[in-house]
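This report concerns only the one structure given below.
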Amino acid sequence: MDRLEQPLPCISVHSLTGCAGEELVILENLQKALPLVRVVSFPFAQSANEMRPVDIAFVEGSVSQPHDLEKLKAIRATARWLVAVGNCAVWGCVQGGVCRRFTPEQMARDVYGQDNQIAALPSAPLDKYVRVDVKLSGCPIDAGQFLSVLASLLKDHLPYITHKPVCLECKLKENGCVLVEKNLPCLGPITAAGCGALCPTFGAACYGCWGPCEAPQMEAMEIVLKEKGYAIDEVISRLTAFGIPQEIYSRDKPLELKVSRQ
Ligand code: SF4
Ligand code: SF4
């Protein structure tokens, strides 16, 4: 069969509990991929969708409700490669961080009242429930990284995704360090690169939206931020805001950094 007559690889794009940020990035950049793939399901962007086997399924959002879990299992069953896209899907993001301090029942009661019928789960990333082949973090993801992951999987090999800290990209851009020079509480040293050091490039502190880098030095980060005069509550709030797992941030110093779920 002529190469041009071969069926195109099929992809799908799905959302669980999230803000649709990844779907927007994918939609804005899909034009570049459309000659190479067929989109069989993308409810955010098209009305005709099929739940059928696909080569690659991109899933954004965390599992926060029972119907998220059902949907995720159905997607997993149909996908050869499952890619978690965005901090919610990879780390749990803001809702995951909040669920460390309050139970879903507490939050449902406070927001919807005592007699609510909300069936919420503690917000969790996708790999708590299913096998995930590729984790592409970001809040939202970077378009270049998305296209690179897609290209790799279409060639049938797993993509390389950097887990070096944001500081590396920041230094490559020759930015002045806002932590050192401006005493801003920059989390670049413990946050995974991928955004191109977006915030420090504009003179702002990184607040960790990409999730933790490889082997983040949490204790050192805490010491530096405290030396800069930031209160421990502020440090904890920053470290947990994007769902960084408790086993990472409390590994070396559990007493001071632990935030317990009540
Ligand atoms: S500004 Fe932030 S990301 Fe850049 S080098 Fe300093 S600490 Fe690292
Ligand atoms: S610098 Fe930090 S907070 Fe800003 S986009 Fe990059 S990872 Fe997110």
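Numbering (numbering that gives the first Met the number 0), first residue to last: 0 to 261. Glycine is no exception: its CB is placed at the ideal position from the N, C-alpha and C atoms. Note that the structure is predicted; figures quoted are calculated from it, not measured.
Taking 6 Å as the cut-off, does the CB of residue 6 come closer than this to any heavy atom belonging to ligand 1? For this step, residue 6 is matched to residue 7 along the sequence shown. No, the Cβ of residue 6 stays beyond 6 Å of every heavy atom of ligand 1.
Between which two residues does the alpha helix (DSSP H) holding residue 59 run? The residue labelled residue 59 in the question sits at position 60 within the sequence shown. Run containing residue 59: none in the alpha helix (DSSP H); it sits in the beta strand (DSSP E), 53-59.
Beta-carbon proximity check, residue 11 vs residue 46, cutoff 7 Å: Here residue 11 refers to the residue found at position 12 of the sequence shown. Here residue 46 refers to the residue found at position 47 of the sequence shown. No, the Cβ-Cβ distance between residue 11 and residue 46 is not below 7 Å.
Every unbroken alpha helix (DSSP H) within the stretch 170-257, with a cutoff of 4 residues, ordered by chain: 177-180, 197-200, 217-226, 231-239, 245-248 and 253-256
Give the range of the alpha helix (DSSP H) segment to which residue 23 is assigned. Counting from one through the sequence shown, the residue named residue 23 turns up at place 24. First-last of the alpha helix (DSSP H) with residue 23: 20-32.
Please work out which residues of its chain come closer than 8 Å, Cβ to Cβ, to residue 67, disregarding the five sequence neighbours upstream and downstream, and give them in chain order. Locating residue 67 in the sequence shown gives position 68, where the first residue counts as 1. Answer for residue 67: 15, 16, 60, 61 and 120, listed in chain order.
Would you call the CB atoms of residue 169 and residue 196 closer than 7 Å? If you number the sequence shown from 1, residue 169 lands on position 170. If you number the sequence shown from 1, residue 196 lands on position 197. Contact flag set, yes.
Measuring from the CB of residue 190, is there a heavy atom of ligand 2 at a distance below 6 Å? Residue 190 sits at position 191 when you count from the first residue of the sequence shown. Correct: residue 190 has its Cβ closer than 6 Å to ligand 2.
Using the Cβ count rule (16 or more neighbours within 10 Å means buried), how would you classify residue 152? As a working note, residue 152 is residue 153 in the sequence shown. With 16 or more other Cβ atoms within 10 Å, it is buried.
So residue 191 packs on residue 131, CB below 8 Å; how close in whole Å? By 1-based counting over the sequence shown, the position of residue 191 is 192. By 1-based counting over the sequence shown, the position of residue 131 is 132. Their Cβ separation, rounded to whole angstroms, is 16 Å, which puts residue 191 and residue 131 out of contact at 8 Å.
Cβ-Cβ distance between residue 156 and residue 74 below 7 Å: Taking the first residue of the sequence shown as position 1, residue 156 is located at position 157. Taking the first residue of the sequence shown as position 1, residue 74 is located at position 75. Contact: no.
So, helix, strand or coil for residue 163, using DSSP? On the sequence shown, position 164 is the one that residue 163 refers to. Residue state, collapsed to three classes: coil.
In angstroms with no decimal places, state the Cα-to-Cα distance between residue 36 and residue 7. Indexing the sequence shown from 1 puts residue 36 at position 37. Indexing the sequence shown from 1 puts residue 7 at position 8. Whole-angstrom Cα-Cα distance: 5 Å.
Please go through the same chain and pick out, in chain order, the residues whose beta-carbon is closer than 8 Å to the beta-carbon of residue 52, but skip the five residues on each side of it. To locate residue 52, count along the sequence shown from 1; it is residue 53. Same-chain partners within the cutoff: 9, 77, 78 and 79.
Compute the minimum distance between the beta carbon of residue 212 and the heavy atoms of ligand 1, and state whether it is under 6 Å. Mapped onto the sequence shown, residue 212 falls at position 213. Because no heavy atom of ligand 1 lies under 6 Å away, the Cβ of residue 212 does not count as near it: no.
Could you give the DSSP three-state label for residue 70: helix, strand or coil? Taking the first residue of the sequence shown as position 1, residue 70 is located at position 71. Helix.
Check this for me: beta carbons of residue 89 and residue 34, under 7 Å apart or not? The count along the sequence shown starts at 1 and reaches residue 89 at position 90. The count along the sequence shown starts at 1 and reaches residue 34 at position 35. Not a contact, by the Cβ cut-off of 7 Å.
Would you mind sorting residue 180 into buried or exposed? The rule is 16 or more other CB atoms within 10 Å of its CB. What you label residue 180 is simply residue 181 of the sequence shown in a count that begins at 1. Classification for residue 180: exposed.
When every heavy atom of ligand 1 is checked, does at least one fall within less than 6 Å of the C-beta of residue 178? As a position in the sequence shown, residue 178 is number 179, starting the count at 1. Result yes, Cβ under 6 Å from ligand 1.
Given that a residue counts as buried once 16 or more other Cβ atoms are within 10 Å of its Cβ, and exposed if not, what is residue 201? Translated into positions along the sequence shown, residue 201 becomes position 202. Its Cβ having fewer than 16 others within 10 Å, residue 201 is exposed.
Ligand 2 heavy atom lying under 6 Å from the CB of residue 209: Here residue 209 refers to the residue found at position 210 when the sequence shown is read from its first residue. Yes, ligand 2 has a heavy atom inside 6 Å of this Cβ.
Please identify the residue among 55, 241, 118 and 95 whose C-alpha is closest to the C-alpha of residue 146. The residue labelled residue 146 in the question sits at position 147 within the sequence shown. Here the closest residue by C-alpha is 55.
Burial state of residue 182 (16 or more Cβ within 10 Å): Translated into positions along the sequence shown, residue 182 becomes position 183. Exposed is the call here.
With DSSP run on the structure shown, which of helix, strand or coil describes residue 98? Counting from 1 along the sequence shown, the entry for residue 98 is found at position 99. Here residue 98 sits in coil by DSSP.
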